[in-house]
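Structure first, commentary second.
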Amino acid sequence: KAAVRTNAFQRPERPVFSVKVDCRKVEGMPSPRPMCEIYVHSRRLEGIHLRGGKVARGGIRWSDRHDDFRTEILGLMKTQMVKNSVIVPVGSKGGFVLKGEVPPRPALDEYLIDRYREFVSGLLDVTDNRADGKVLHPPEVVRQDGDDPYLVVAADKGTAHLSDTANRVSAQYGFWLGDAFASGGSAGYDHKKMGITARGAWECVKHHFRNLGTDIQKEPFTVAGVGDMSGDVFGNGVLLSRAIKLVAVFDHRNIFIDPDPDPEKSFRERERVFALARSSWRDYDAALLSKGGGVYDRSAKAIPLSPEARKLLDIEGGDPSGEEVMRKILAARVDLLYNGGIGTYVKAESEEHGQVGDRANDRVRVNGREVRARVLGEGGNLGLTQKGRLEYWAAGGRLNTDAVDNSGGVDTSDHEVNIKILLDMLVKKGVVKGREERNRILAEMTDDVAALVLADNAGQALALSLDGHRSARRYEEFVALVDDMAGAGLLSRADESVPSREELLASPHRDRGLPRPLLCVLLGYSKMSAFQLLLETDFPDGAAGRPFLDGYFPRLLRERFAEHFQGHVLRREIVATGAVNYLVNRGGTLLLPRLEQGAKNGIGEAVTAWIEVDREAEAPALREAVVASGRPAAEEQAALLEIEDALEGAAQERLEGK
């Protein structure tokens, strides 16, 4: 009874069987429940696609977790939901495993492409289409649900090179999104070339260090990490500052140790290795390693470490195994621990390894309190459990969550898809002369799109610091907000590992405010809730919302095509997302609940009042002047809080006067 669509009756017979499920109707489904799930099955593959809402976006990965890939995809969807609060759609995630006899390389590559094509076709078989403003339903599919034409499949682990493959399938189906169906293809934004996910995470890392009084673009600092130079997130990440001293790293093959690197020489060598196709740490020139450095196999039973490496990693006694060295790297006393790999490496002491859901790394995982890096950057997904983050924060560490740090990739995909929707509309109208001009415009805007995305990362990092100060001042009010959100069903304490009210009130760290990883969760869920509520008002259609529609698009589009923005099929969603991000990033997660108490007509009136006050006071210019003044981070944030407090007071007065 929960199955709402299937392709089982389509003719000719499909290569895969698909069934779409309304997850609200499945009583025993593990939390968090997606809005819907499409299950795709054949003798050669098995896959799922989980969506948090009607307009949802997230990648599809080739999974190697045959026994529990749904658990993996569900965890990633949950992260994507919070990550996507910065963009228009909510989160989705898909994944598939190969079954039966799989050919060895190089035949595997072609086999994978065929299976991916089948998986994507299985999703499109049960998805509606759009044409001339009308929704078209797939043939020979009985529908027990409403119109549902929005489906986007971004690249992910194992499928990063397959965007064009997915878009060819989209073209065969005549799907309305065209090559916006799978972002990052040959006529899209290449995330690895842009380095956008790493650059976004780096904005967050820079912010942590600025709060510590350190400029990591100029002052040398030590880094340990997870990943390799051929990887997008790690490789790009450790090329973002020439002051990096990369002392120890491991990936799925090797362990790299360089106890006292020369920042400039090692930077140039990392650059060289990054440019090599399918490189590994074995490609790093050993002659450039500092005294006592080396590259080793992570599977080694005993590694003959030098005295310098032992001192770096606090290793005594006999020759350690590769697993022991990896644990020591995670716990190294460095300035930054940068996760750019795949896997969950940090849990809480209270958690068993079996609860983590990443059996491959059970033997190298450490507890949050054992991590001694001053700052932790999460370029990769699911590098820590949420309880592990809270434990590391309680021990004095500085971090956000993966959903905040690495949102740059999905933010870029969001801009690409929404820009393509606009430009394809203009191609049909003859305003843009064909696909060639469209592609040229897209390419011209690469740097502008990156700037918009990085501004989102920087904005959220600052928002969390401001809420950290607010929650130290109004601790019990923030604890009450957590209770209210949990009580209203907006967030699940169990799913998000939120401490109980009693634990929060008894915290010995109240002077630091709420734990920053918890503030990250509140930031995401408060934005998602406000977005949904704001969509139900007429705010997205009014004059107060229009600047957020213009501000979403790069300068070139604003200058040439602004009069066409109103025709965008996701115009209202773009406005609501922009307004919520602007307001919450500056006024904090408590702002809207406080304003709504004085608003007779709900959230639309509250948002309008605050935005009007913000513009009348010319607050954007005031904030810019504070940031440009060059004062230390603490003074800058105190000055910004003064501005925001004054705006909140003025907005409340305006609401009370209505």
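The numbering of the sequence shown is the numbering used here, which starts it at 105 and goes up by one. Ideal Cβ placement from N, Cα and C applies to all residues, glycine included. Note that the structure is a prediction, hence the values are computed from the model and not measured.
Bridge partner(s) assigned by DSSP for residue i
i: isoleucine 361; result: Ala352 and Gly398
i: tryptophan 166; result: Phe200
i: isoleucine 152; result: Tyr143 and Gly199
i: aspartate 126; result: Cys140
i: threonine 326; result: Lys349
i: leucine 480; result: Leu441
i: alanine 160; result: Val194
i: threonine 110; result: Val123
Proximal residues to residue i (C-beta, below 8 Å), its chain only, five neighbours per side dropped
i: arginine 605; result: Val583, Val586 and Asp587
i: tryptophan 714; result: Leu687, Gly691, Leu695, Leu699, Leu751, Glu752 and Ala755
i: glycine 501; result: Gly472, Val475, Ala477, Arg478, Val479 and Leu480
i: arginine 616; result: Gly572 and Ala576
i: arginine 676; result: Leu639, Pro644 and Asp645
i: glutamate 740; result: Val730, Val731 and Ser733
i: glycine 487; result: Val330, Asn443, Gly445, Gly447, Thr448, Tyr449, Val450 and Asp506
i: proline 724; result: Asp718
i: alanine 347; result: Ile320, Gln321, Lys322, Glu323, Pro324, Phe325 and Pro367
Cβ-based burial, residue i [other Cβ within 10 Å; buried from 16]
i: phenylalanine 173; result: buried
i: threonine 712; result: buried
i: glutamine 184; result: buried
i: leucine 527; result: buried
i: proline 253; result: buried
i: leucine 316; result: exposed
i: glutamate 746; result: exposed
i: phenylalanine 113; result: exposed
i: alanine 275; result: exposed
i: aspartate 518; result: buried
Contact under 9 Å by Cβ, residue i with residue j
i: alanine 352; j: alanine 328; result: yes
i: isoleucine 407; j: valine 429; result: yes
i: alanine 404; j: aspartate 418; result: no
i: threonine 231; j: proline 242; result: yes
i: serine 267; j: aspartate 332; result: no
i: glycine 292; j: glutamate 541; result: no
i: phenylalanine 635; j: alanine 680; result: yes
i: glycine 396; j: proline 424; result: no
i: valine 257; j: alanine 286; result: yes
i: leucine 350; j: valine 337; result: no
i: glycine 484; j: aspartate 462; result: no
i: glycine 339; j: phenylalanine 378; result: yes
i: tyrosine 277; j: serine 345; result: no
i: valine 201; j: tryptophan 166; result: yes
i: threonine 772; j: alanine 554; result: Any question about residue 772 goes unanswered here, given that the chain covers just 105 to 762.
i: glycine 708; j: aspartate 642; result: yes
i: serine 394; j: aspartate 355; result: no
i: valine 144; j: aspartate 126; result: no
i: leucine 566; j: leucine 744; result: yes
i: glycine 335; j: glycine 444; result: yes
i: leucine 409; j: valine 330; result: no
i: leucine 416; j: isoleucine 361; result: yes
i: tryptophan 497; j: proline 612; result: no
i: glutamate 373; j: aspartate 389; result: yes
i: asparagine 111; j: aspartate 229; result: yes
Other residues of its chain near residue i: CB distance less than 6 Å, five sequence neighbours each side excluded
i: aspartate 153; result: Checking the sequence shown, residue 153 turns out to be histidine, not aspartate. Excluding residues within five positions, the ones whose Cβ falls inside 6 Å are Ile142, Gly198 and Leu227.
i: leucine 468; result: Reading off the sequence, residue 468 comes out as valine, not leucine. Only Glu427, Met430 and Arg431 meet the Cβ criterion.
i: alanine 499; result: Arg473
i: valine 130; result: Ala106
7 Å CB neighbourhood of residue i in its chain, flanking five on each side removed
i: glycine 655; result: Gly682
i: methionine 181; result: Pro138, Leu154, Gly156, Gly162, Gly195, Ser196 and Lys197
i: threonine 693; result: Asp571, Leu585, Leu626, Leu627 and Ser630
i: valine 717; result: Leu751, Ala754, Ala755 and Arg758
i: glycine 204; result: Arg147 and Arg148
i: tyrosine 400; result: Asn358, Ile359, Ile407 and Gly426
i: arginine 376; result: none
i: leucine 530; result: Val536, Phe665 and His668
i: aspartate 387; result: Val377 and Leu380
Chain C contact for residue i (CB, 9 Å cutoff)
i: alanine 610; result: This model lacks chain C altogether, as it is built from one protein chain only.
>> Check whether the stretch 753-762 and the stretch 692-701 touch, using three or more Cβ-Cβ pairs below 8 Å as the test.
In response: yes
> Below 8 Å, can you find three or more Cβ-Cβ pairs linking the stretch 108-125 to the stretch 155-165?
Replying inline: no
>> For the structure I just gave you, are there three or more beta carbon pairs, one from the stretch 570-580 and one from the stretch 622-631, closer than 8 Å?
In response: yes
> Taking contact to mean at least 3 C-beta pairs separated by less than 8 Å, is the stretch 661-671 in contact with the stretch 593-605?
Replying inline: No: the two stretches stay apart, fewer than three of their Cβ pairs being nearer than 8 Å.
> Would you say the stretch 506-523 touches the stretch 294-307, given that touching needs at least three Cβ pairs under 8 Å?
Replying inline: yes
> Taking contact to mean at least 3 C-beta pairs separated by less than 8 Å, is the stretch 490-501 in contact with the stretch 243-263?
Replying inline: no
>> Does the structure place the stretch 250-263 close enough to the stretch 210-230 that three or more beta carbon pairs sit under 8 Å?
In response: Enough Cβ pairs lie closer than 8 Å, so yes.
>> Contact between the stretch 548-563 and the stretch 305-320 is defined here as three or more beta-carbon pairs at a separation below 8 Å; is this criterion met?
In response: yes
>> Is it the case that the stretch 272-288 contacts the stretch 452-464, given that we only count it when at least three CB pairs across the two stretches are under 8 Å?
In response: no
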